[in-house]
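Student: Please find one structure pasted underneath; my questions will follow.
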Amino acid sequence: MKFFRIIGRSIRDAFKSVKRNFSLSIASITCVIITLIIVGVALIITFNINDFTTKLKKDLSIVVFVSNEADNFDITSLETQIKAIDNVDPDFVTYQSKAEIKEDMMKNNETFKNIMSAWDDDENPLQNTYIVKVIDANKIGETATAIKNLAKVTRVSYGEGMVEQLLMAFNGVQKFSFIAVIALVVVTTFLIINTIKLTIFSRKREISIMRLVGASNISIKLPFVFEGMLIGIIGSILPIILVVYGYYSLFDIMNGKLLTDIFTLVPPSEIVFKIGAFILLIGAVVGMLGSASAVKKYLKV
Amino acid sequence: MVIILSLIEFKNVTKQYKNGVTALYELSLEIEKGDFVFIIGSSGGGKSTLIKLLYREEKPTKGTIIMGGINVGKLRNRSVYKLRRKLGIVFQDYRLLPKLTVYENVAFALEAIGEARGNIRPKVLKALELVGLKSKVREYPDNLSGGEQQRVAIARALVNEPKVLICDEPTGNLDPAMSMEIVELLSKINETEGTTVLMVTHDKTIVNKMKKHVIALKDGHLFKDYKKGEYVDEIL
Ligand SMILES: Nc1ncnc2c1ncn2[C@@H]1O[C@H](COP(=O)(O)OP(=O)(O)OP(=O)(O)O)[C@@H](O)[C@H]1O
Ligand SMILES: [Mg+2]
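If you're matching them up, the sequences are chains U and Y in order. Here the first sequence is numbered in numbering that gives the first Met the number 0, starting from 0 and rising by one per residue. Here the second sequence is numbered in numbering that gives the first Met the number 0, starting from 0 and rising by one per residue.
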């Protein structure tokens with residue numbers, strides 16, 4: 000009963016105090032707004048880079064050229080062997096006979112059609128292939144070598160060198176953007192702690208009187224914790240609106256892609272909810288922690 | 000035979016501050032329930048230190064302090080509030096909140112300890128009536144005289160009906176007439192409410208006139224413990 004009374008009073012006090020210390024609250028809220036907007040933008044960038052990297056990794060495949068000497072039995076046994084390799088995704092090992100490749104190429108291009116239509120099966124210079132997808136794109140090189148060493152394989156191709164460099168670059172970018180978001184959250188926490196410290200400093204007297212008349216530490220802390228949370232939540236409203244609305248507009252203006260067709264933007268509906276929730280969470284939690292740590296100093300004897 | 004249990008007991012209490020200054024040396028004294036005690040002595044004698052030890056603003060370096068069954072020196076930081084709820088504390092500088100009215104300042108003490116809403120109003124009004132300020136409930140502290148502000152502080156200290164009221168130079172900022180009024184108010188509270196009162200003061204006139212239990216400190220030592228009515232003006 001008493002517990003709920005303290006909670007209820009703390010929430011009421013938080014609202015009162017934000018109103019009463021309006022100018023300082025505005026300062027804290029502004030600080031929260033600015034940092035959370037930056038966090039939001041960083042999050043959008045991170046999500047897009049992640050999405051792009053995952054897509055790129057998914058699209059990566061090894062083309063395995065099968066020797067023309069291989070008979071049907073060799074070809075099926077090769078498939079079993081490829082699927083047995085660790086990093087190969089057994090659900091994505093697809094066989095394309097040279098006849099199918101021919102058909103494909105003829106469908107796509109008139110010139111090819113004219114030339115290739117004359118070939119019969121024996122004259123077809125193309126090779127039967129397996130298209131193999133890997134589970135871990137970072138190990139694609141090793142996997143390709145393993146496949147190449149199998150019998151009846153003449154060649155493997157996965158865009159050697161280029162792919163590895165691209166992957167390394169994106170792994171780097173991914174790590175960097177993750178670290179950047181963490182760093183931003185930490186910086187936000189410190190900024191918020193500092194502004195809230197200012198608010199609390201101006202209320203040193205109030206806190207010392209509360210202690211003097213016998214308020215328990217928790218009941219002194221609680222209103223400030225709720226106040227910090229309230230400041231965090233109020234401060235996250237504008238960044239959420241900006242980020243959500245901004246990203247929808249960007250997506251519309253850019254037609255869902257960034258300059259080239261390769262880099263498609265993540266559809267807003269897939270991420271804005273997550274980002275909004277994350278911003279709100281950061282605002283609320285950081286606000287709470289900020290004031291809890293700021294008020295601690297005044298609760299010691 | 001009458002056994003009188005002491006409410007407050009200092010046993011060989013030494014207080015040395017972090018900077019090395021020793022403010023109290025092996026101090027032992029007892030204060031009975033319902034007593035009215037003046038604590039006097041020269042400046043720097045350790046009076047405020049004694050008070051701070053009592054409400055556990057400071058911890059004794061050696062010795063024990065018992066207050067109403069609580070071992071004050073051993074009290075954990077997070078349990079200090081249990082002691083404070085049994086005490087009313089008044090300072091020379093009133094320590095009111097300027098943005099709150101007289102009523103709100105007194106109510107603040109009850110709100111801070113989670114008193115049920117329905118109890119707050121009657122208790123606050125009773126305390127303000129006791130100090131004779133019922134007509135000023137809506138005023139802000141800045142609009143009151145020093146004596147009136149100190150009455151608000153006393154009302155705030157009393158509103159939770161403490162066992163002990165401790166006052167560190169409550170009349171230090173007041174003129175002699177107002178000082179006398181405050182002391183008489185404290186004496187009235189002591190008699191009618193049965194609250195034990197400890198008051199630190201420099202004002203010899205008051206001490207002479209009131210004829211109460213007097214504890215005199217000098218340079219951190221107990222100079223003399225005058226039983227009620229025994230006090231005679233001595234040069235400390
Ligand atoms: N927080 C502190 N840290 C270090 N030394 C202190 C502290 N408070 C008091 N002292 C020292 O302890 C001694 C006793 O101080 P105290 O305040 O108890 O004296 P007092 O009797 O209240 O004096 P006054 O009549 O001037 O108020 C003094 O020498 C003082 O300098
Ligand atoms: Mg003093």
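Note that CB positions come from ideal geometry on N, CA and C, so glycine has one too.
Please check if any C-beta of chain Y sits within less than 8 Å of the C-beta of residue 203(U).
Tutor: Not an interface residue.
Student: Output yes or no for whether 8 Å exceeds the beta carbon distance between residue 65(U) and residue 151(U).
Tutor: Yes, these two residues count as a Cβ contact at 8 Å.
Student: Hey, is the stretch 29-43 of chain Y in contact with the stretch 92-108 of chain Y, meaning 3+ C-beta pairs nearer than 8 Å?
Tutor: As far as the Cβ criterion goes, the stretch 29-43 of chain Y does not touch the stretch 92-108 of chain Y, which means the pair count is below three.
Student: Please identify, using Cβ separations under 9 Å, the residues of the stretch 210-221 of chain U that lie next to chain Y, in order along the chain.
Tutor: Those residues of the stretch 210-221 of chain U that come within reach of chain Y (Cβ to Cβ, closer than 9 Å) are 210, 211, 212, 213, 214, 215, 216, 217, 218, 219.
Student: Which value, in whole angstroms, describes the spacing of the CA atoms of residue 226(U) and residue 232(U)?
Tutor: Taking the straight line joining both Cα atoms gives about 10 Å.
Student: Hey, is residue 126(Y)'s beta-carbon within less than 8 Å of any beta-carbon in chain U?
Tutor: Cβ-Cβ to chain U under 8 Å: no for residue 126(Y).
Student: Kindly examine ligand 2 and report whether one of its heavy atoms sits closer than 7 Å to the Cβ of residue 41(Y).
Tutor: No, Cβ of residue 41(Y) sits at least 7 Å from all heavy atoms of ligand 2.
Student: Counting Cβ pairs closer than 8 Å, one from the stretch 22-40 of chain Y and one from the stretch 147-160 of chain Y, do we hit at least three?
Tutor: Output reads no: the stretch 147-160 of chain Y does not touch the stretch 22-40 of chain Y.
Student: Give the interface partners of residue 296(Y) over in chain U, defined as CB-CB distance under 8 Å, in chain order.
Tutor: No answer is possible for residue 296(Y): the residues shown for chain Y start at 0 and end at 235.
Student: Quick check on the burial criterion: 16 or more other C-beta atoms within 10 angstroms. Buried or exposed for residue 285(U)?
Tutor: Burial call: buried.
Student: Using the beta-carbon of each residue, which ones in chain Y are nearer than 8 Å to residue 5(U)?
Tutor: The answer, in chain order, is 113.
Student: Can you confirm whether the stretch 110-120 of chain Y touches the stretch 209-222 of chain U when touching is taken to mean that 3 or more C-beta pairs between the two stretches lie within less than 8 Å?
Tutor: Yes, the stretch 209-222 of chain U is in contact with the stretch 110-120 of chain Y.
Student: Could you check which residue in 238(U), 251(U), 247(U) has the C-alpha nearest to that of residue 279(U)?
Tutor: The residue with the shortest Cα to Cα distance from residue 279(U) is 238(U).
Student: Kindly list, in the order they appear in chain U, the residues whose Cβ is closer than 8 Å to that of residue 110(Y).
Tutor: Within chain U, the residues near residue 110(Y) are 8.
Student: Helix or strand or just coil, what does DSSP make of residue 154(U)?
Tutor: Looking at residue 154(U) - three-state DSSP - the assignment turns out to be strand.
Student: Regarding residue 47(Y) and ligand 1, is the C-beta to nearest heavy atom distance less than 7 Å?
Tutor: Flag set: Cβ of residue 47(Y) near ligand 1.
Student: Residues of the stretch 86-98 of chain Y in Cβ contact with chain U at a cutoff of 8 Å, in chain order, please.
Tutor: Listed in sequence order: 86, 88, 94, 96, 98.
Student: For residue 198(Y), which option in 88(Y), 190(Y), 23(Y), 58(Y) has the closest C-alpha, if you only look at C-alpha atoms?
Tutor: Answer by Cα proximity: 88(Y).
Student: Is the closest heavy atom of ligand 2 to the C-beta of residue 167(Y) under 7 Å?
Tutor: Under cutoff, so the answer is yes.
Student: Would residue 175(Y) be called buried (16 or more neighbouring beta carbons within 10 Å of its own) or exposed?
Tutor: Its Cβ having fewer than 16 others within 10 Å, residue 175(Y) is exposed.
Student: Considering only their Cβ atoms, is the gap separating residue 94(U) from residue 78(U) smaller than 8 Å?
Tutor: For residue 78(U) and residue 94(U), yes; Cβs fall inside 8 Å.
Student: If the cut is a Cβ gap below 8 Å, which residues of chain U does residue 80(Y) touch?
Tutor: Those are 210, 213, 214, 215, 216, listed as they occur along chain U.
Student: So the beta strand (DSSP E) residue 61(Y) belongs to, where does it begin and stop?
Tutor: Element bounds for residue 61(Y): 61-66.
Student: By the criterion of Cβ-Cβ separation under 9 Å, what are the contact partners of residue 83(Y) in chain U?
Tutor: Within chain U, the residues near residue 83(Y) are 210, 211, 212, 213, 214.
Student: So which residues on chain U does residue 107(Y) lean against when the C-beta distance must stay under 9 Å?
Tutor: Within 9 Å Cβ-Cβ: 205, 208, 209, 212.
Student: What residue range does the alpha helix (DSSP H) around residue 106(Y) cover?
Tutor: From DSSP, the alpha helix (DSSP H) with residue 106(Y) extends over 101-111.
Student: How many Å lie between residue 114(U) and residue 82(U) at the Cα?
Tutor: Computed Cα separation, rounded: 35 Å.
Student: Classify residue 149(Y) as buried or exposed, calling it buried when 16 or more other Cβ atoms lie within 10 Å of its own Cβ.
Tutor: Classification of residue 149(Y): buried, given that the 10 Å Cβ count is 16 or more.
Student: State the beta-bridge partners of residue 198(Y) as determined by DSSP.
Tutor: Paired residue(s): 37(Y), 166(Y).
Student: Count the other C-beta atoms from every protein chain shown that fall within 10 angstroms of the C-beta of residue 272(U), then say buried if there are 16 or more, exposed otherwise.
Tutor: Burial call: exposed.
Student: Under the three-state reduction of DSSP, which class applies to residue 80(U): helix, strand or coil?
Tutor: Three-state result, residue 80(U): helix.
Student: Rounded C-beta distance between residue 91(Y) and residue 180(Y)? I'm assuming under 8 Å.
Tutor: The pair is not a contact, with the Cβ atoms about 16 Å apart (cut-off 8 Å).
Student: For the putative contact between residue 26(Y) and residue 164(Y), defined by C-beta atoms under 8 Å, what is the C-beta separation to the nearest angstrom?
Tutor: Not confirmed; about 21 Å, so no contact.
Student: Taking just the CA atoms, how far does residue 179(U) sit from residue 140(U)?
Tutor: Their Cα atoms are separated by approximately 30 Å.
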